[in-house]
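Chemist:
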Amino acid sequence: MRTGYLKTGMTIGFALSLSTISLTASQKLIVTKSDLTDEDHPYETVVHEERTSNGNIREGGWKLSGDIRAGYLNYDYSNAPSHFDPASGAVVPVNPAVNKGHADSRGFYLIPKISIASANYNGFSFKITGAGATDFGLNDSLYEQRNFVFDPMERKSFAILQEAYMSYESRDGAHAFVVGAKETVTPMIDADDWYMLANSFQGAYYLNRRFEHITFAGGYFYKMAGVWDSGADGTQWHTMSEASFVDSGYKKIGGDEGVWTGVFQYDDGTHNFQVWDYYMKDYYNTFFAQYDYTGKTKNFSFDMGVQYIDFRGVGGLKEYYRDVLGGREIDYGIYSVRFNAKHENGFDIALGASFYTDGDGTGDTLGAWGGYPYFANGMIFHFFEAGSLRNANSYKLQVGYDFAKQGVEGLWVGGRYTYFDLDPHYAKSSLEGEGQESQKLYGLRVGYNHTSGFYFTGTYEFADLDGQPDISALRLIGGYKF
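Going by my numbering, the letters in the sequence shown line up with residues 413 to 894, in that order.
#1: Would you kindly work out how many angstroms separate the C-alpha atoms of Asp-680 and Glu-624, rounded to a whole number?
#2: Report the CB separation of Ala-629 from Tyr-617 in whole angstroms; it is logged as a contact under 8 Å.
#3: According to DSSP, is Leu-729 part of a helix, a strand, or is it coil?
#4: What's the gap between the Cα of Gly-638 and the Cα of Ala-655?
#5: So who's on the other strand from His-650, going by DSSP bridges?
#6: Among residues of its own chain, excluding the 5 on either side of Tyr-555, which ones have a beta-carbon nearer than 7 Å to its beta-carbon?
#7: Would you grab the beta carbon distance between Glu-669 and Asp-641 for me? Rounded to a whole angstrom, and I think it's under 8 Å.
#8: Counting only runs that start and end within the segment 683-731, where is the beta strand (DSSP E) found for 3 or more residues in a row?
#9: Is the distance from the Cβ of Ala-875 to the Cβ of Leu-485 below 9 Å?
#10: What does a CB cutoff of less than 7 Å around Thr-879 pick up in its chain, not counting 5 residues either side in sequence?
#11: What is the residue span of the beta strand (DSSP E) that Ser-660 lies within?
#12: In this structure, how does DSSP classify Gly-855 when only helix, strand and coil are distinguished?
#13: Are there three or more Cβ pairs, one per stretch, closer than 8 Å when the segment 526-535 is compared with the segment 545-559?
#14: Starting from Asp-876, trace the beta strand (DSSP E) both ways and give me its first and last residue.
#15: Where does Pro-454 sit, in a helix, a strand or coil, going by DSSP?
#16: Taking C-alpha atoms, which residue in Tyr-831, Gly-585, Val-658 and Asp-776 lies nearest to Leu-962?
#17: Based on the DSSP secondary-structure assignment, which residues constitute the bridge partners of Ile-626?
#18: Please check the pair Ile-526 and Gly-542, which I expect to be a contact at CB under 8 Å, by giving their CB distance rounded to whole angstroms.
#19: Is Asn-532 helix, strand or coil by DSSP?
#20: Evaluate contact between the segment 751-759 and the segment 608-617, counting only Cβ atoms and requiring at least three cross-stretch pairs below 8 Å.
#21: For Asp-689, which residues in the same chain have their Cβ closer than 6 Å to its Cβ, ignoring the five residues on either side in sequence?
#22: Can you give the beta carbon distance from Ile-523 to Leu-609, rounded, assuming they're within the 8 Å contact cut?
#23: Applying the criterion that 16 or more other CB atoms from any shown protein chain within 10 Å of the CB defines a buried residue, is Glu-581 buried or exposed?
#24: Quick check: the Cα distance between Leu-737 and Asp-497, rounded to an integer number of angstroms?
#25: Taking the C-alpha atoms as reference points, what is the distance between Phe-676 and Ile-626?
#26: Which runs of the beta strand (DSSP E), 3 residues or longer, sit entirely within the segment 467-495?
#27: What does the Cβ neighbour count give for Val-820, buried or exposed, with the cut at 16 atoms within 10 Å?
#28: With DSSP run on the structure shown, which of helix, strand or coil describes Asp-743?
#29: Measuring alpha carbon to alpha carbon, tell me which residue in Gln-719, Gly-827, Val-718 and Ile-742 is nearest Gly-727.
#30: Give me, in chain order, the residues of the same chain whose beta-carbon lies closer than 6 Å to that of Asp-776; leave out the 5 immediate sequence neighbours on both sides.
#31: Report the option in Pro-881, Arg-887, Thr-863 and Val-749 whose CA atom is closest to the CA atom of Gly-870.
#32: Identify, in the order they occur along the chain, each residue of the same chain with its Cβ nearer than 8 Å to the Cβ of Val-504, setting aside the five sequence neighbours on each side.
#33: With burial defined as no fewer than 16 other Cβ atoms inside 10 Å of the residue's Cβ, what is the status of Asn-711: buried or exposed?
#34: List in chain order: all unbroken beta strand (DSSP E) runs of 3+ residues lying wholly within the segment 544-591.
#35: Grab the span of the beta strand (DSSP E) containing Thr-769 for me, first residue to last.
#36: May I ask which residues mark the beginning and end of the beta strand (DSSP E) holding Asp-776?
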């Protein structure tokens, strides 16, 4: 989960947010001029410059940096996982009718991440990042189905070459190019460092900032690695088509594809408008547009935004859904609005609403490749608990306080209420099979980000979902960046 306001130019790289302190997604990918706190996956523009911690500068301008992260996760779905019952001598399966078969999960993890970045040679530079995840064998593997750290099937420690890319930027900054594997942030293809380890993508980007306030960029993503956001084993590299959430039967015959991406952005510091398109020739197309107005009064800073996203099946996937899946199709849109404001005394408020049209495909596309730019999410939960968000509406109210005014820089405390107005014709309870009218999420968060590199975020959220037992989650994630 990341704070991102549309206040930076289109660039590529990964950076540490200097203006927010919620660090459940501590690997911030954007530096923003806004001092508002939203934490709701609003669009984050990609960043080219290295702006993480200073790192350890070596001779010749080379840099060694890292992030040593630890976390305790506990997801309670009122549904015990499959386990051996000594009393009966039999294996008791997880109940598939309770909360979609999501099993109670918990565990402690350590995730080290080390990067080496070269000096700049006439505009060229390169970087490699190695990352891993381990529980030192301390966790009960039965309770790791929903922790989103290991492969949910193997549930074993792993290591991965997460980044290996070369970049070029012209002397005047008007042109930039990146090729290789790296953490990248766009609205619908996103590093999404909301869990324990961010997504990475293999591909190439070109960026043009020759004209004042205007950015053009285009690129191609071929593969990704990311445990939660991938429909395949996210601990390894898979093509974007394999990692998508479309019907598994089609992925076997549809072939390997990547995603072509293009963007236009205008940003003059007050008005920010961008249009993106993501195209997979035989899968689906995603169109994204957003406008933000940012301003200040004597006592307030504020951000107002509107957004539209359209998902539409194309080519072979459209034909497969029509002919094999009985007329199904990916064809729906999401309209969203938001208003966020912060008072000089430290209090902030974030309001958002999203409206889903009456079209099919939410389960095939939402959250794929790490994109969660919607304006009304929960702090931990969102669409994956309810039966369906087709023809649904969601509303968010968040209130927080920045303790900088009390002399504690980097400390933020806030609460969020998110209400999902579900359509019972589409949203069905996996337990009762009856329509679901609503899902209510109650979240609390404490985040701390120290200038020395230490960070911590504690988040608790409770879900009240029609026709299902209680759901709750606790995430305690912290670490040190150098």
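Beta carbons are placed, not taken as given, at the ideal position from N, Cα and C, and that holds for glycine.
Modeler: This is what the structure holds:
#1: Straight through space, the alpha carbons of Glu-624 and Asp-680 are spaced by roughly 8 Å.
#2: Correct: roughly 6 Å between the Cβ atoms.
#3: Leu-729 falls in the helix class under three-state DSSP.
#4: Straight-line Cα distance between these residues: approximately 9 Å.
#5: Answer is Met-636, bridged to His-650.
#6: Within the same chain, and ignoring the five residues on either side of Tyr-555 in sequence, the residues whose Cβ sits closer than 7 Å to its Cβ are Pro-493, Asp-516, Ser-517, Arg-518 and Gly-519.
#7: No, Glu-669 and Asp-641 are not in contact; Cβ-Cβ is about 17 Å, not under 8 Å.
#8: Restricting attention to beta strand (DSSP E) runs no shorter than 3 residues, the segment 683-731 encloses them at 683-691, 696-708 and 712-725, ordered along the chain.
#9: Result no, Cβ atoms of Ala-875 and Leu-485 do not sit closer than 9 Å.
#10: One point to set straight first is that residue 879 is Gly, not Thr, in the sequence displayed. The residues Ser-841, Leu-843, Glu-844, Glu-846 and Gln-848, in chain order, have a CB closer than 7 Å to that of Gly-879 in the same chain once the five nearest residues on each side in sequence are set aside.
#11: It is not in any beta strand (DSSP E) - Ser-660 instead sits in the alpha helix (DSSP H) that spans 660-666.
#12: In the displayed model, Gly-855 falls within a strand according to three-state DSSP.
#13: Using a C-beta cut-off of 8 Å, the segment 526-535 makes no contact with the segment 545-559, since fewer than three inter-stretch Cβ pairs fall below that distance.
#14: Element bounds for Asp-876: 866-877.
#15: Note that Pro-454 scores 29 on pLDDT, short of 50, meaning its location in the model is unreliable and no value can be drawn from it.
#16: Absent from the structure is residue 962, since the part of the chain shown begins at 413 and ends at 894.
#17: Bridge partners of Ile-626: Tyr-678.
#18: Their Cβ separation, rounded to whole angstroms, is 5 Å, which keeps Ile-526 and Gly-542 in contact under 8 Å.
#19: Secondary structure at Asn-532: coil, using DSSP grouped into helix, strand and coil.
#20: No, because fewer than three Cβ pairs between the segment 751-759 and the segment 608-617 fall closer than 8 Å, the two stretches do not touch.
#21: Excluding residues within five positions, the ones whose Cβ falls inside 6 Å are Gly-674 and Phe-699.
#22: Indeed, because the Cβ distance is near 5 Å, the residues count as touching under 8 Å.
#23: Buried, by the Cβ-count rule.
#24: Each residue's alpha carbon lies about 39 Å from the other.
#25: CA-to-CA, the gap between Phe-676 and Ile-626 works out to about 7 Å.
#26: Listed in chain order, the complete beta strand (DSSP E) runs (minimum 3 residues) inside the segment 467-495 are 475-488.
#27: Per the 10 Å Cβ criterion, exposed.
#28: Note: Asp-743 maps to strand in three-state DSSP.
#29: That would be Ile-742, whose Cα lies nearest to the Cα of Gly-727.
#30: Excluding five sequence positions before and after Asp-776, the CB atoms of its chain that fall closer than 6 Å to its own CB belong to Phe-657, Val-658 and Ile-742, given in chain order.
#31: The shortest C-alpha separation from Gly-870 is found at Arg-887.
#32: Excluding the 5 residues flanking it on each side, Val-504 has same chain C-beta neighbours closer than 8 Å at Ala-492, Ser-494, His-495, Phe-496 and Asp-497, in chain order.
#33: Of the other Cβ atoms in all chains shown, fewer than 16 fall within 10 Å of the Cβ of Asn-711; this residue is therefore exposed.
#34: Fully contained in the segment 544-591 are the following beta strand (DSSP E) runs of length 3 or more, in chain order: 570-581.
#35: Run containing Thr-769: none; DSSP gives neither H nor E here.
#36: Careful: Asp-776 lies outside any beta strand (DSSP E), inside the alpha helix (DSSP H) at 774-777.
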